[in-house]
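There are 2 protein chains.
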Amino acid sequence: MPVFRHRPSITPLLGVTLLCAFTSLTASAMEGMWTLDNLPKATLAQKYGFTPDDAWVNKVMHSAARMASGCSTSFVSAGGLVLTNHHCVDSCLGDLSRPGQDLRRSGFIAQRPEEERQCPGMELNRLEQITDVSAAFAQATAGKTGQAYTEAANATRARLESACVNGQDATVRCDVVTLYQGGARHLYRYHRYQDVRLAFAPEVSIGAFGGDPDNFDFPRYDLDMGLLRVYENGRPAATPEFFPLNPHGPEAGELVITAGNPGSTQRLLTVAQLETLRDVDLPGRLLREAEQRGLLNQYGSEGTEQNRLAQKTLRWIENGFKVQYGQLETLRDAEVMARKRSEEAALRQFAASRPELKDTLGAWDDIARATRVYREIQAHLSYTEGAQGYWTDYYGWARTLVRAAAERSKPSGERLPEFADAALLATQRHLLAPRPVDPAFEKVKLAWSLAQMRQWLGADDPLVRQVLGRQSPQTLASALVDGTTLGDPKVRQALWDGGAAAIAASQDPFIRLALATDAEARALRARHENEVKAVETRAAEQIARVRFARTGTSVYPDATFSLRLSFGEIQGFKKNGQPVAPFTEIGGTFARATGEDPFALPQSWLSAQKALNPAQRFNMVSTNDIIGGNSGSPLINRRGELVGLIFDGNLGSLGGAYWYDEADNRAVSVHAGAILETLDKVYHANRLVSELKAGAVH
Amino acid sequence: MPVFRHRPSITPLLGVTLLCAFTSLTASAMEGMWTLDNLPKATLAQKYGFTPDDAWVNKVMHSAARMASGCSTSFVSAGGLVLTNHHCVDSCLGDLSRPGQDLRRSGFIAQRPEEERQCPGMELNRLEQITDVSAAFAQATAGKTGQAYTEAANATRARLESACVNGQDATVRCDVVTLYQGGARHLYRYHRYQDVRLAFAPEVSIGAFGGDPDNFDFPRYDLDMGLLRVYENGRPAATPEFFPLNPHGPEAGELVITAGNPGSTQRLLTVAQLETLRDVDLPGRLLREAEQRGLLNQYGSEGTEQNRLAQKTLRWIENGFKVQYGQLETLRDAEVMARKRSEEAALRQFAASRPELKDTLGAWDDIARATRVYREIQAHLSYTEGAQGYWTDYYGWARTLVRAAAERSKPSGERLPEFADAALLATQRHLLAPRPVDPAFEKVKLAWSLAQMRQWLGADDPLVRQVLGRQSPQTLASALVDGTTLGDPKVRQALWDGGAAAIAASQDPFIRLALATDAEARALRARHENEVKAVETRAAEQIARVRFARTGTSVYPDATFSLRLSFGEIQGFKKNGQPVAPFTEIGGTFARATGEDPFALPQSWLSAQKALNPAQRFNMVSTNDIIGGNSGSPLINRRGELVGLIFDGNLGSLGGAYWYDEADNRAVSVHAGAILETLDKVYHANRLVSELKAGAVH
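Next up, the structure:
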């Protein structure tokens, strides 16, 4: 369940019309999250005798889709049926649950079409077209630095995206994506599905069997799947291109391919940037998540309803903690860092040897300087623009409303990017989605995060004094939550519609708080963008030129939550020196079950045990190079048949943010045969089984 | 409240008869935790015209005392009255509290002698004699490594300590202390007070006013004091040597001296050892404490009784977190590490230049290899010998009982050191002290720590499988706590007295658990001692020789929870570029109070506000070089008068574990005048005020 990218910033897909290509220094046979225009064809032909043609590539592109909130999916029927992970529909299950009715716990089956339920705010994007806009950016930002650079880049982005969306067509989404850490920029146009409904999800006890202890591990026994359906004009959308299920699945050693949207890798970062992650960002996030976990576990022990609320959030915190701890271990590994240092030294030496790269020589030091600024502002940035002091949906809504009111009166190109015309719809949908919140739970989270703000900034920090005044975190949190009406989507709608006048007149305490703290948050955001991000991007453009000049045209950019293919094969690995076989079987699930959470099977499985084929393959590992965002990616064979469903990596995959290690790094999938077997024998989901079988390989 | 060394391992004091002296590379004017035989006399004479003679030194030695559990104290009357910090009597207050009667919250005053209450298990040690036993160790361990080295050192230690205690005299305590990370060993004989009673403690709301937010910060307004009294044969002990109180206190710039027991510094460690702290130990402790804090804060919000239990533990966790985070920041500072690297390189270069030091050249690499072994075993070591999976007093008691039964049948020299004859009494007292535990709270902590064990070792780890079986952490924790009778001190006494037969026959589930896991815990402890600690100590002996040859005889050893003097002056500092004055006044307390925890003053202070002199100096900072263990140290002037009570360091002091930075590092004290003023005007503790005034300077 790890390969989910929670709350992504706005980042786009990558597709087929790229012309340029850049290079990194090393690539094992299986390494790479490849753009569709630049597949490792020589390796594929030589190693597997596989030569994908344009038709194959286009079919894959149209059969895959991105979940805007940070997962991957694929179409699995002509009638708009979408396969993804249980953990990708987890927040939808939470949003549709109510006290006394916990859909995460019970699972969900729409036995009839009309029982399919809309997921609040969910959006799917299918890639349609890509345009190289690098030249437009280069022209607009030529000779600019700092604030001027940021403004020019934002304005260019807004202009290109607006033109692409072409008015108010809500079925089109356009995003500019920055590749190679700034080495190229492309404009992506998607078909946008905004009516996405839940058709099936198993109980979380089998969707995430083994819970946090088994997360990122293998052998594994998870039915981490969910089925959605895209609707248009109130009816299931037609999706003539889809991946047919092949229930036989792959064999050991067979070539398997993922078509998904890896969220973010940091393989091209400089050593100074990696050290900043190691010393500042990762420890900070881990300490925060550790304390959140302690709080949520204890809160969840206080009653059934508290447990429902806590578990919904806890799952992501535990997942994030495990990911980041694995990343930190990688960056603490002296050998990994020595390798990064020597790669960087070689690159700098190469640049120094070429007169035409003379202007790039300062790039690494520029980045190092920017990271020092970042280290200096990081704590305050987290608590102003990062809003870490306000762990509650109320504040996020208030911030969006306050900023929208101020930004919407400006020309699109001068707004904060998330309020530019092309992005406004997604921002609005996120704000207005009818997500339930529990005031008592919000008080607990908010009080904790206000105390964190005081802890990390100090009791005498001006922001802390401004926010807390003479109140304790608990007192202030209670006053804010008791006084707000933002939990009601209609109130949010009215404030959105009312604009600046409505915001100015509002007495909602969260609106007042967001207004009062907005100036400092914007100032720090600007400093971060101008003195850190703009410098890093500028310098990364230069480094990309060096890399390109040095190593040619056979490489992939860092992940950007855009469509990538990875090629691997079904293959076991060694754990503590012992070989681990590549497949598990359904029978093993019952052997591992203890009856105690998180190893307790749901009643549906216990009842169906005799009917299930114990030898049916259940989960499997492959050498595909994936990362968070790949959750829900189809695992296909060379014929474009869906043979599995990516849902996790093993522990050895966690360093994948920084480098790919073929010996240890494995992707974990649900076997296609187990999907059909359990939908049929455990859930008796006849309608969905028939629909899947209609397109399936026999 | 930070300068408290919680749960120390057994480490001894350091005193006046040392002959040898070693050196470090740098020393600012104020740097140093000096042994009494090796004071920085030249600096003191030159800078302050102060030349302490033997009588002065002996008086200081006899007027100070160590709290065996990890604090410093001093005698302040001839009748056994002892001054220390509120946070040093905090656990006594907790032990004497019961549901509905929270002495931490209410404070405690014995207005009459017979109201003084014994603190369970508390022990005070006053230094009597020191003997250099380096030669005995050198002879016993000559040519030995690994297990042979460990056994020879343990046997020598047991033999020397036993001979020193001289039979079963319970008023004598003897400890061998290892100085200079192994460069010398000395035997310390103490007078031991085992009947220590509480006379006074203020409410925690003023004892730790400002709570965690203000901890390690300044300006400060804390009455972090407590009064104890040592008894012998049921009557107050006579303590003719004590520090008279000087209520006028010191002036800015005046020389002030601490006489306390700094617990542990790491200033002489090699770079490999510092990197291990930075990469492994500190992050591990911080992540654990962060999650514990989240849990305890939430548990404490569930009710008054839960709050009482949680706060008792939370204070130490918050304190430890702040200390360790400051230490981590220091070790993450590239400049600090560069300086350590260059110091080490210079030392190695010096060793290489001297033929007589040829045998020391491998020492640094030996230590680096030992740290690699440590990194490899650290996780399992923590959960076996470290018992981190069992966050409950029950397990600690069970472990002690199981091991005592096995060890006591061996000759003293072959036992684990904590069970050797000379140490046995302290171990027994700790076990049998009547400390109340709350079963419901123990279940919560234990379940959490069992889940941690599974998280960090993995669900399939042999130890995890052995301990948990098919049970969840919650189920097992409940079964263990419901089944045990170890909460009753009489049961522990019976099992201690019954020895091996009683343990073998016991069906107590904690005894069974401790028995079942003991072999693996002992095996890992042995590996740690033989392959890590023995190697490090051996190599440190060699490095100490190099240091001594290079820099002469003007330096202090790393702190070892033994008596040290530090010399400093009352002096402010700069915080965020702004000057901070060295004193606060009582009036400022009322200005800082908000009425909300942890800035809420107790009713006693609110009632007494008009009577109190607002201009009375309250807290103050000085440049004394202190660290955890110095809590409760007297701050004296050159005439041996008590002018303040050390209770904290500022944020700049947290890096003091690794180096002393005179610009930033400050010790924080309660002013002697504030002690008398508040005992009189707020607490009307007339009896104690009279006693203090009887010896005081007028």
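Order-wise, the sequence lines are chains S and C.
Residue numbers for the first sequence follow numbering that gives the first Met the number 0, beginning at 0 and rising by one.
Residue numbers for the second sequence follow numbering that gives the first Met the number 0, beginning at 0 and rising by one.
Just so you know, even glycine gets a beta-carbon here, dropped at the ideal spot from N, CA and C.
A quick note: this is a predicted structure, and the numbers were derived from the prediction, not measured.
List the residues of chain S that residue i touches, going by C-beta distances under 7 Å, in chain order.
i         : result
Gln470(C) : Glu595
Thr474(C) : Glu595
Ala539(C) : Under the 7 Å cutoff, chain S gives no residues; its nearest Cβ is about 23 Å from Ala539(C).
Ala397(C) : Near Ala397(C) there are no residues of chain S at all, since even the closest Cβ is about 24 Å away, more than 7 Å.
Which chain S residues sit within Cβ distance under 8 Å of residue i?
i         : result
Gln454(C) : Asp211, Pro212
Taking its Cβ as the centre, do 16 or more other Cβ atoms sit within 10 Å of residue i, making it buried, or is it exposed?
i         : result
Leu605(C) : exposed
Glu441(S) : buried
Tyr47(C)  : exposed
His86(C)  : buried
Thr170(C) : exposed
Asn612(S) : exposed
Gln45(S)  : exposed
Gly700(S) : Coverage of chain S is limited to positions 0 through 697, which leaves residue 700(S) absent and any answer about it impossible.
Asn664(S) : buried
Glu375(S) : exposed
Lys321(C) : buried
Gln581(C) : Looking at the sequence provided, one finds Pro at residue 581(C) rather than Gln. When all chains shown are included, Pro581(C) counts as buried.
Gly319(C) : buried
I'd like the list of long-range same chain contacts for residue i, defined as Cβ closer than 7 Å, with 5 residues on each side in sequence excluded.
i         : result
Glu528(C) : Thr149
Phe21(S)  : Confidence is the limiting factor: at Phe21(S) the pLDDT is only 31, short of 50, which leaves the residue's position unreliable, though a coordinate-based value still follows. Tyr179, Gly182, Ala543, Arg546, Phe547, Val554, Pro556, listed in sequence order.
Thr269(S) : Glu343, Trp363, Ile366
Leu687(S) : Ala198, Phe199, Leu226, Leu678
Pro239(S) : Ala77
Thr708(S) : Since the first residue of chain S shown is 0 and the last is 697, residue 708(S) is not available in this structure.
Gln492(S) : Leu431
Asp660(S) : Gly651, Gly654
Name the chain C residues that come within less than 7 Å of residue i, Cβ to Cβ?
i         : result
Ala432(S) : What Ala432(S) touches in chain C: nothing, since even the nearest Cβ is about 29 Å away.
Output needed for residue i: all residues of its chain with C-beta closer than 6 Å, excluding positions within five of it in sequence on either side, in chain order.
i         : result
Asp487(C) : none
Gly694(C) : Ser76, Pro243
Tyr192(C) : Leu123, Val229
Which chain C residues sit within Cβ distance under 9 Å of residue i?
i         : result
Ala64(S)  : In chain order: nothing, as chain C lies at least about 34 Å away.
Ala518(S) : What Ala518(S) touches in chain C: nothing, since even the nearest Cβ is about 21 Å away.
Between which residues of its own chain and residue i is the CB-CB distance below 8 Å, once the five residues before and five after are set aside?
i         : result
Gln272(C) : Gln265, Ile366, Thr370, Glu535
Leu346(C) : Leu24, Ile542, Val545, Arg546, Arg549
So which residues of chain S does residue i contact, with C-beta pairs closer than 9 Å?
i         : result
Ala151(C) : The premise fails here: Ala151(C) is roughly 34 Å from chain S at the closest Cβ pair, so nothing lies under 9 Å.
Checklist entry - Which residues, taken in chain order from the segment 280 to 307 of chain S, show a beta carbon closer than 9 Å to some beta carbon of chain C? => result Taking 9 Å as the Cβ-Cβ cut-off against chain C, the residues of the segment 280 to 307 of chain S that qualify are Pro282, Leu285, Leu286, Arg287, Glu288, Ala289, Glu290, Gln291, Arg292, Gly293, Leu294, Leu295, Asn296, Gln297, Tyr298, Ser300, Glu301.
Checklist entry - Given a limit of 9 Å on CB to CB distance, which residues of the segment 37 to 52 of chain S reach chain C? => result Within the segment 37 to 52 of chain S, no residue places its CB atom closer than 9 Å to a CB of chain C.
Checklist entry - In the segment 319 to 334 of chain C, which residues sit with their C-beta less than 7 Å from some C-beta in chain S, listed in chain order? => result Result list: Arg331.
Next on the checklist: So, does the segment 200 to 217 of chain C touch the segment 305 to 322 of chain C, judging by three or more C-beta pairs under 8 Å?
Outcome noted: Because the criterion of three Cβ pairs below 8 Å is met, the segment 200 to 217 of chain C and the segment 305 to 322 of chain C touch.
Next on the checklist: Against chain C, which members of the segment 262 to 281 of chain S pass a CB distance test of less than 8 Å?
Outcome noted: Those residues of the segment 262 to 281 of chain S that come within reach of chain C (Cβ to Cβ, closer than 8 Å) are Asp278.
Checklist entry - For the 8 Å Cβ check, are there 3 or more pairs between the segment 594 to 602 of chain C and the segment 46 to 53 of chain C? => result No, they do not touch.
Checklist entry - For the segment 130 to 144 of chain S against the segment 152 to 164 of chain S, are there 3 or more C-beta pairs whose distance is under 8 Å? => result The segment 130 to 144 of chain S is in contact with the segment 152 to 164 of chain S.
Next on the checklist: Count Cβ pairs between the segment 670 to 677 of chain C and the segment 268 to 286 of chain C that sit closer than 8 Å; are there 3 or more?
Outcome noted: They do not touch, by the three-pair rule.
Checklist entry - If contact means a Cβ-Cβ distance below 9 Å, which residues of the segment 354 to 379 of chain C contact chain S? => result Under the 9 Å Cβ criterion, the segment 354 to 379 of chain C contributes no residue.
Next on the checklist: Quick check: the segment 511 to 524 of chain S against the segment 244 to 259 of chain S, are at least 3 beta-carbon pairs closer than 8 Å?
Outcome noted: Contact fails between the segment 244 to 259 of chain S and the segment 511 to 524 of chain S, because fewer than three Cβ pairs, one in each stretch, are under 8 Å apart.
Next on the checklist: Under 8 Å, with one C-beta from each stretch per pair, do the segment 464 to 482 of chain C and the segment 422 to 429 of chain C reach the 3-pair mark?
Outcome noted: The answer is no - the segment 422 to 429 of chain C does not touch the segment 464 to 482 of chain C, with fewer than three Cβ pairs under 8 Å.
Next on the checklist: Give me the subset of the segment 489 to 517 of chain S whose CB atoms are less than 9 Å from a CB atom of chain C, sorted by chain position.
Outcome noted: Here the close residues number zero.
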